[in-house]
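Asker: Chains as they are written, first to last, in our numbering: chain A, 5 to 317; chain B, 1108 to 1390.
Sharing a structure, written as structure tokens. Questions coming.
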Amino acid sequence: MTNATLAARPQALRSFWRRFWSRSNEKIGYLFILPSLIHIIVFLFIPLIFSFFLSFRDWTKPNFSDAPYVGLENYEFLMEDSRFWQAMSNSGYYTLLAVPLGMAISLGVAVVMNQKLRGVYFFRTLFFMPVVSSWVAVSIIWLTLLDPNVGIVNYILGGLGLPQINWLGDPRSAMPSIVLITIWKGLGFNMVIWLAGLQAIPQELYEAAAIDGANRWQKFWRVTLPLLAPTSFFLAVTGVIGSFQVFTPVYVLTKGGPLESTNTAVYHIYRRAFQEFDFGYAAAQSWILFAVIFIATIIQVVYVRRRREEIQF
Amino acid sequence: MVTKITPGIVTARVIGYLILLLVAGMMVVPFMWMVTTSLKTSGTEFSYPPQILPTQFDFSNYQRLFDNLPFGQYFLNTVFITLATVFGQLIVCALAAYGFARLNFMGRDTIFVLYLTTMMIPFQITLIPLFLIITGMGWVNSYQGLIIPGISSAFGIFLLRQSFLNIPRDYQDAARIDGANEWTIFTRVFLPLNGPALATLAVFAFMGTWTDLLWPLLIARSEQMRTLELGLAYFNARPNAFLQPNWPLLMAGSVVVMLPVLLVYIVAQRYFIQGIALSGVKG
């Protein structure tokens, strides 16, 4: 029943309301949700509102009394702040490299895993180890592997006659290095999600395609990939959101360097707030970051909806 | 369906195994490197070409972590904070999930949708004000400051509610006819019947808390309050007064951080993969 029909019939509305009220007699339910409700109010809603007001203040000490209202000044300053926009574009660069590459590589592995080979569970366990590992430990391991002088990676490159790279020490290769480590760490996660998508594709579609004379490649492009659209949408959206929030590898591996080349948005906000103690300005930056993530998500949702209409027609 | 084994299928399988072995190698070698480097004597780690296996196994790095560095304290802190967070989340989320799944009260669905919406809010928006609030409460550098903000999660409530909804209503009605109150139904019927979902949430909470860096970085101010993850990050970044960081020591520290998580993962793998496939949320 819609609201309009309910409003047109006050009698129905009243009886609906009475039924609703009598059915909601288990008021003990409030007690059950009370702890979580208090928690979400204190640690989420209040900080959220606080963050909004904070972004209009010049809050340079962790002190409640001494924070003058400055209106839109933080946001105006932010528009001109090239360091902040450099950090945002660094995050964009990281996202554009890490999300599509990570998705493509893990899809390849998932397709192989989906061939019902023996021992896939063993491989899945191995591939998933980096996912559950701590980012700090993983970063430290790669710090040694990518060491420009005595690291294994450069040793292998040298052995193959390829040029050796100053991975994390060169502004051109530092961000791609972090992307590589991210892809390595996230491969197992993406693969499990892809695998779930692949296993949901009905086998009959492949049989039908085979009858029509499709080869492996055509099956993949014409059957598998279109049917994985929801999975790839999910991975793209969560990947973009996660990538814009990357912090720990930057903190451990490069501290934003060399030459600010790996200074990502969240790391920049962290430094602004907790090393330069410019809380109000950092809060304004975090809202802009949130807006960018939000817009990126909306664009993907709209794009998928449009594609779906094309496919349906 | 019976598939005929054709040469094409055999080739595809061989190529498949080769790819999987190659990827497995790339996944495992860094871990092996971590373990073997942690057993090298300080000074031999820079030998070139890099040695995968040390010439002799030296376990003294582990001893040094606990004798000359406060890794013992870090370890206890991490265990305590993680266990408290896991138990807190299980209790708070299970209570809320029962309320949302099985009790009728006004505004229930509105509140639940509100909870779900909060899952989309990125952490860094609330990070700064949350830090200021914790500071105002005087909880900086305290266990409650590290634990309490993490003892509930909208994701956990969502996960458990899904599972609670699958319990037939008859069970609840039968228990009521027998005179059980809601608390008894919750503790005697719903908790025992939802073991797998509770285990899934426990594993997620464990992983998330054990490997968290950002929040302890802000809250744990003194050496005594640091977690393993934070202690390792600090040790990597700053020379210690007693002990300079070097690769074998850092790798030994990495092993200490990782081992419990990997053990939990291997034991509880089923719940972990299940949880991810179910919700698609990273731990």
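Yeah, the Cβ is synthetic: ideal placement off N, Cα and C, and Gly gets one too.
Since the model is a prediction, treat every value here as computed from it, not as a measurement.
Rounding to the nearest angstrom, what Cα-Cα distance links A:P134 and A:I187 in this structure?
Answerer: 10 Å
Asker: Just checking, does the segment 37-48 of chain A make contact with the segment 269-278 of chain A on the three C-beta pairs under 8 Å criterion?
Answerer: no
Asker: Give the residues from the segment 1333-1364 of chain B that approach chain A closer than 7 Å (Cβ to any Cβ), ordered along the chain.
Answerer: E1336, L1339, A1340, N1343, W1354, L1357, S1361, V1364
Asker: For a contact meaning CB atoms closer than 8 Å, what does B:R1120 contact in chain A?
Answerer: Taking the beta carbon of B:R1120 as reference, the chain A residues within 8 Å of it are Q119, L121, listed in sequence order.
Asker: Please list, in chain order, all residues of the same chain as A:A155 whose beta carbon is under 7 Å from its beta carbon, the five residues on each side excluded.
Answerer: For the record, residue 155 of chain A in the displayed sequence is Gly; it is not Ala. T148, L149.
Asker: List the residues of chain A that B:T1144 touches, going by C-beta distances under 8 Å, in chain order.
Answerer: T148
Asker: Starting from B:R1276, trace the alpha helix (DSSP H) in both directions and tell me its first and last residue.
Answerer: Note, B:R1276: alpha helix (DSSP H), 1276-1284.
Asker: For B:R1209, which residues of its own chain have a beta-carbon under 7 Å away from its beta-carbon, when the five flanking residues on both sides are left out?
Answerer: F1271, Q1279
Asker: DSSP has A:R61 in a bridge; who is on the other side?
Answerer: A:Y73
Asker: Considering only the alpha carbon of each residue, which of B:L1266, B:F1187, B:D1285, B:F1297 lies closest to B:P1275?
Answerer: B:F1297
Asker: Does the CB of A:E208 have a neighbour CB from chain B at under 8 Å?
Answerer: Judged by the 8 Å Cβ criterion, A:E208 is not in contact with chain B.
Asker: Taking the C-alpha atoms as reference points, what is the distance between A:S236 and A:W198?
Answerer: 8 Å
Asker: I'd like the span of the alpha helix (DSSP H) that includes B:D1319, first residue to last.
Answerer: No alpha helix (DSSP H) holds B:D1319; DSSP gives it neither H nor E.
Asker: Roughly how many whole angstroms lie between the Cα atoms of B:T1144 and B:V1364?
Answerer: 15 Å
Asker: Check distances from the C-beta atoms of the segment 1281-1293 of chain B to those of chain A and list, in chain order, the residues that come in under 7 Å.
Answerer: E1289
Asker: Threshold first: 4 residues or longer. Then list the alpha helix (DSSP H) segments lying entirely within the segment 145-184 of chain A, N to C.
Answerer: 156-163
Asker: Could you spell out where the alpha helix (DSSP H) holding A:K223 opens and where it closes?
Answerer: 220-223
Asker: Can you pull the chain A neighbours of B:I1188, defined as C-beta to C-beta under 8 Å?
Answerer: The premise fails here: B:I1188 is roughly 14 Å from chain A at the closest Cβ pair, so nothing lies under 8 Å.
Asker: What three-state label does DSSP hand B:W1246 in the structure shown?
Answerer: coil
Asker: So what's B:S1149 in DSSP terms, helix, strand or just coil?
Answerer: coil
Asker: In whole angstroms, what separates the C-alpha of A:Q316 from that of B:M1226?
Answerer: Low confidence applies to A:Q316: its pLDDT is 48, below 50, so where it sits in the model is not reliable, and the reading given next is rough at best. So the two alpha carbons sit approximately 31 Å from each other.
Asker: On the criterion of 16 or more Cβ atoms from any shown chain inside 10 Å, does A:A108 qualify as buried, or is it exposed?
Answerer: The residue in question, A:A108, is exposed, as its Cβ has fewer than 16 Cβ neighbours within 10 Å.
Asker: Which residues in chain A sit within 7 Å of B:G1123, going by Cβ to Cβ distance?
Answerer: V116, Q119, L121
Asker: Please confirm if A:I302 has its CB atom under 8 Å from at least one CB of chain B.
Answerer: no
Asker: Cβ of A:K31 less than 8 Å from any chain B Cβ?
Answerer: Taking Cβ atoms only, chain B reaches closer than 8 Å to A:K31, which makes this a yes.
Asker: Assign B:D1174 to one of three DSSP states: helix, strand, or coil.
Answerer: helix
Asker: Rounded to a whole number of angstroms, what is the C-alpha to C-alpha distance between B:F1182 and B:D1174?
Answerer: 13 Å
Asker: Please classify A:A295 as buried or exposed, where buried requires at least 16 neighbouring CB atoms within 10 angstroms.
Answerer: exposed
Asker: Which chain B residues sit within Cβ distance under 7 Å of A:P51?
Answerer: T1233, P1236, L1237, I1240
Asker: Given B:A1261, which residues of its chain have a CB within under 7 Å of its CB, disregarding the five upstream and five downstream residues?
Answerer: Y1222, L1223, T1225, M1226
Asker: Does any residue of chain B bring its CB to less than 8 Å from the CB of A:M92?
Answerer: no
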